[in-house]
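Residue numbers (our numbering), protein chains in the order written: chain A, 58 to 405; chain B, 2 to 353. Here a beta-carbon is modelled for each residue, glycine too, at the ideal position from N, C-alpha and C. Contents: one structure, followed by commentary.
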Amino acid sequence: MSISRRNKYIISGLLLAFLISFTFDILLGPVKIPLDEAVKILFGTSSNSTWVSIITEFRFPKAITAVLAGSSLSVCGLLMQTFFRNPLADPFVLGISSGASFGVALVVLTAGSFGINLYFLGDIASNLSITVAATIGASMILLLVTIVARKISSNITLLILGLMLGYIIGSLQNILKYFSTPENLQGYVIWGMGNLGNVVWNDLYFLVPAVFLGLTFSFLLSKQLNLLLLGESYAESMGVNIKTVRLSIIITGGVLGGVITAFCGPIAFVGIAVPHITKNLLNEYDHKILIPAVALVGSILTIICDIISQLPGSDQTIPINTVTSLVGAPVVIWIIFQQRKMQHSFTV
Amino acid sequence: MNRKHSVLSVSNLAVGYKEKHKPANILLDNMKFSIYPRDFVCLIGSNGCGKSTLLRTIAGIQKPLKGEIFIGGKKIVSLDRHELSKEISIVLTENFGIGNAPIRSIVGLGRYPHNNWLGVLSNEDIKIIENALQVTGLFSYENKNMLELSDGIRQKVMIARALAQDTPIILLDEPTAFLDAPSKLEIIHMLRNMAKQFNKAVILSTHDLDLALQSADMIMLITKDQKIEIDTPEDLVLNGHFEDAFNKEDVKFSIQQGIFKMNSHVKIRLRINGDKTRSFWTERALARIGIAVHHEDDYDGAVDIVSDIGKVEWRLNCNSQKKIFYSVGELLRHFKTHHEVTTKKGFTIRSL
Numbered sequence: 058m059s060i061s062r063r064n065k066y067i068i069s070g071l072l073l074a075f076l077i078s079f080t081f082d083i084l085l086g087p088v089k090i091p092l093d094e095a096v097k098i099l100f101g102t103s104s105n106s107t108w109v110s111i112i113t114e115f116r117f118p119k120a121i122t123a124v125l126a127g128s129s130l131s132v133c134g135l136l137m138q139t140f141f142r143n144p145l146a147d148p149f150v151l152g153i154s155s156g157a158s159f160g161v162a163l164v165v166l167t168a169g170s171f172g173i174n175l176y177f178l179g180d181i182a183s184n185l186s187i188t189v190a191a192t193i194g195a196s197m198i199l200l201l202v203t204i205v206a207r208k209i210s211s212n213i214t215l216l217i218l219g220l221m222l223g224y225i226i227g228s229l230q231n232i233l234k235y236f237s238t239p240e241n242l243q244g245y246v247i248w249g250m251g252n253l254g255n256v257v258w259n260d261l262y263f264l265v266p267a268v269f270l271g272l273t274f275s276f277l278l279s280k281q282l283n284l285l286l287l288g289e290s291y292a293e294s295m296g297v298n299i300k301t302v303r304l305s306i307i308i309t310g311g312v313l314g315g316v317i318t319a320f321c322g323p324i325a326f327v328g329i330a331v332p333h334i335t336k337n338l339l340n341e342y343d344h345k346i347l348i349p350a351v352a353l354v355g356s357i358l359t360i361i362c363d364i365i366s367q368l369p370g371s372d373q374t375i376p377i378n379t380v381t382s383l384v385g386a387p388v389v390i391w392i393i394f395q396q397r398k399m400q401h402s403f404t405v
Numbered sequence: 002m003n004r005k006h007s008v009l010s011v012s013n014l015a016v017g018y019k020e021k022h023k024p025a026n027i028l029l030d031n032m033k034f035s036i037y038p039r040d041f042v043c044l045i046g047s048n049g050c051g052k053s054t055l056l057r058t059i060a061g062i063q064k065p066l067k068g069e070i071f072i073g074g075k076k077i078v079s080l081d082r083h084e085l086s087k088e089i090s091i092v093l094t095e096n097f098g099i100g101n102a103p104i105r106s107i108v109g110l111g112r113y114p115h116n117n118w119l120g121v122l123s124n125e126d127i128k129i130i131e132n133a134l135q136v137t138g139l140f141s142y143e144n145k146n147m148l149e150l151s152d153g154i155r156q157k158v159m160i161a162r163a164l165a166q167d168t169p170i171i172l173l174d175e176p177t178a179f180l181d182a183p184s185k186l187e188i189i190h191m192l193r194n195m196a197k198q199f200n201k202a203v204i205l206s207t208h209d210l211d212l213a214l215q216s217a218d219m220i221m222l223i224t225k226d227q228k229i230e231i232d233t234p235e236d237l238v239l240n241g242h243f244e245d246a247f248n249k250e251d252v253k254f255s256i257q258q259g260i261f262k263m264n265s266h267v268k269i270r271l272r273i274n275g276d277k278t279r280s281f282w283t284e285r286a287l288a289r290i291g292i293a294v295h296h297e298d299d300y301d302g303a304v305d306i307v308s309d310i311g312k313v314e315w316r317l318n319c320n321s322q323k324k325i326f327y328s329v330g331e332l333l334r335h336f337k338t339h340h341e342v343t344t345k346k347g348f349t350i351r352s353l
């Protein structure tokens with residue numbers, strides 16, 4: 058594998074930034090925990106049981122979730138951008154995230170009609186049912202897109218189809234919202250703001266392997282993804298079985314995007330912005346290098362967004378989805394201003 | 002040279018498009034031909050006659066409507082994508098570059114059918130890539146980005162990539178389109194050399210008929226009635242197929258000169274005397290304004306091109322009238338104005 062000297066430095070710098078931001082994410086929060094105490098907690102020699110549980114039960118899983126969410130959504134975005142040859146493609150284009158949202162909407166918003174308010178049960182049971190609903194919703198859409206993708210040969214058609222699917226689901230959600238109780242609606246709106254802190258250790262036993270598998274599969278596809286950069290016809294002429302690769306990309310991307318949305322709610326802009334930031338940083342086309350690098354940059358960005366969302370120094374927090382949008386949207390605007398450059402990462 | 006074993010042969014082949022619930026749109030039918038190693042073949046035919054479709058079908062991107070395609074003696078349907086990618090490489094009109102990849106890497110993509118699942122290049126791969134860069138004259142550009150290069154060089158990058166793919170057959174869809182004349186010649190020359198030097202069958206579609214006539218070993222000509230004639234260029238010209246395929250109302254193929262000419266009506270017949278080069282270009286200029294040059298005795302007048310030290314004169318001698326011009330332009334201007342006058346006054350051409 059050939060990584061230029063310049064990129065070796067950049068990647069080393071990114072690894073350092075990753076470690077630093079991860080540490081800060083654990084140290085910072087509404088409750089101040091001194092550094093030496095945090096180190097003690099890490100080695101299991103602390104006596105302050107409140108702080109121990111804040112770090113081990115809350116901040117540590119949250120930081121890991123930030124890493125998982127950042128890397129999954131970013132790599133999913135990269136897959137979608139290469140596959141659709143569209144710089145604005147992201148984990149949402151296939152409608153998979155919308156599917157997850159719809160599943161949640163169905164559970165949270167109709168809960169009132171059974172006389173219960175799921176969200177304000179406030180315990181693991183409600184989290185679990187939301188996660189299950191989102192997973193089912195994402196899987197259904199994934200299944201639908203996969204079936205359709207086997208019949209449609211044009212990627213553009215597929216792209217439009219995914220977007221339209223998103224709109225249909227969006228309006229179905231609106232109908233549900235319209236008929237739901239204010240309490241349920243509030244619960245749903247809060248879910249829609251994203252939350253990395255909902256994930257507990259038990260969830261991670263599922264989330265970590267799922268993300269690991271998704272990332273590994275993406276990496277295994279890197280040769281085919283490189284060839285797809287030249288367009289489908291060229292890729293086919295160099296031995297790529299388009300049908301198989303298309304299905305692999307959709308399923309891998311669907312799992313990466315769907316699982317994270319299911320557990321953390323929708324997190325916008327990470328998936329679209331990070332691949333561009335990484336490509337600009339490394340000036341690289343090779344997915345063998347891009348996929349790990351995008352995962353790394355995505356993790357750093359999401360951790361930083363999580364730190365910002367904790368509003369260090371205050372005891373308030375703001376939702377993660379608003380922070381990623383605030384950070385990500387300017388990046389997308391910057392991409393649009395660099396339109397020429399953006400197109401060039403795909404075509405001449 | 003082994004002409005026994007064709008690298009590509011088709012029998013009873015029909016290509017075109019098939020849509021659901023509609024009869025198939027057959028573009029070319031009942032084709033039968035064989036291509037051998039070292040053949041440099043040009044596929045020509047008017048727009049929309051099915052050149053690209055034929056190439057795409059041979060490349061296995063599109064399914065044939067009927068008939069068989071044999072690649073290296075094996076039926077194309079028995080080969081999977083990966084096996085086929087070791088037999089046929091293609092160069093398309095859509096030349097996607099990759100923004101952040103140096104052209105060396107793009108050429109390197111051609112080695113992907115041969116290397117492992119990660120696409121790691123072996124020393125042999127690198128040798129082949131460097132050879133492809135050398136042959137196509139791209140070595141000095143190897144670290145440049147596609148965006149920084151001209152159309153001609155981008156085209157060469159895709160050709161180098163096809164060469165690196167190291168297949169017995171290279172198909173190119175209009176590789177000379179959008180290029181200036183010298184680049185066209187250069188690409189054609191390069192492809193011909195590749196066929197001969199590396200034992201490859203090179204098949205390309207083109208609209209540059211005179212280039213095809215000059216350079217091709219074989220021409221695959223798609224005729225107006227959607228048949229395919231495959232023969233040496235000269236035989237296609239002599240037996241009239243070439244003329245039939247392309248003649249239009251205003252454009253005629255000149256069988257004597259091997260080029261296409263505007264079919265303008267002859268107004269005056271002149272004879273030209275002088276050195277070969279100047280006579281040739283003077284004749285071309287006159288033909289443009291409808292004056293034919295005759296080498297027989299029957300002519301309306303004569304132009305004598307006389308060159309003295311550093312000075313060239315075009316002496317027009319028409320019906321005992323003599324005029325001297327110092328450039329082709331002056332001569333043309335004379336005819337243009339004079340011709341208008343003569344027609345206005347109703348003079349016949351002979352009275353010029």
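Separation of residue j from residue i, as counted between CA atoms
i, j, result
"V109/A", "V88/A", "12 Å"
"D93/A", "W118/B", "47 Å"
"R18/A", "F140/A", "Examination of residue 18/A is not possible in this model, given that chain A is present from 58 through 405 alone."
"L72/A", "K345/A", "17 Å"
"I189/B", "I127/B", "26 Å"
"Q274/A", "G259/B", "Note that residue 274/A corresponds to Phe in the displayed sequence, not to Gln. When rounded, the distance between both Cα atoms is 58 Å."
"T404/A", "F261/B", "Caution applies to T404/A, whose pLDDT of 46 falls short of 50 and renders its modelled position unreliable; the value that the coordinates give is listed next. Approximately 36 Å, taken between the alpha carbons."
"P387/A", "I375/A", "19 Å"
"N409/A", "N231/A", "Here chain A covers residues 58 to 405 and nothing more, so residue 409/A does not appear."
"S186/A", "F81/A", "32 Å"
"R62/A", "P103/B", "16 Å"
Helix, strand or coil at residue i [DSSP, three-state]
i, result
"F326/B", "strand"
"D30/B", "strand"
"P118/A", "helix"
"V256/A", "coil"
"A325/A", "coil"
"G68/B", "strand"
"L237/B", "helix"
"A60/B", "coil"
"F199/B", "coil"
"R270/B", "strand"
"V121/B", "coil"
"I90/A", "coil"
Short CB-CB distance (under 7 Å) between residue i and chain A
i, result
"H83/B", "yes"
"Y113/B", "yes"
"L93/B", "yes"
"F62/B", "For the sequence presented, residue 62/B should be read as Ile rather than Phe. Answer yes: the Cβ-Cβ gap between I62/B and chain A drops below 7 Å somewhere."
"S86/B", "yes"
"I99/B", "yes"
Per DSSP, the bridge partner or partners of residue i
i, result
"D379/B", "Not covered by the structure: residue 379/B. The range shown for chain B is 2 to 353."
"M221/B", "L44/B, I231/B"
"I315/B", "Just to set this straight, residue 315/B is Trp in the shown sequence, not Ile. Note: W315/B sits in a beta bridge opposite I306/B, F326/B."
"Y18/B", "N26/B"
"V92/B", "L173/B"
"I36/B", "L9/B"
"V294/B", "L271/B"
"F254/B", "F261/B"
Minimum Cβ-Cβ distance from residue i to chain B less than 7 Å
i, result
"K119/A", "no"
"K208/A", "no"
"G156/A", "no"
"M137/A", "no"
"L286/A", "yes"
"G296/A", "yes"
"K336/A", "yes"
"K280/A", "yes"
"S290/A", "yes"
Contact belief for residue i with residue j at Cβ below 8 Å, rounded distance in angstroms
i, j, result
"L220/A", "V150/A", "6 Å"
"E341/A", "N143/A", "With 8 Å as the limit, E341/A and N143/A do not qualify as a contact, their Cβ atoms being about 19 Å apart."
"A157/A", "A123/A", "Going by Cβ atoms, the distance from A157/A to A123/A rounds to 18 Å, so no, they are not a contact pair."
"G302/B", "L333/B", "Their Cβ separation, rounded to whole angstroms, is 15 Å, which puts G302/B and L333/B out of contact at 8 Å."
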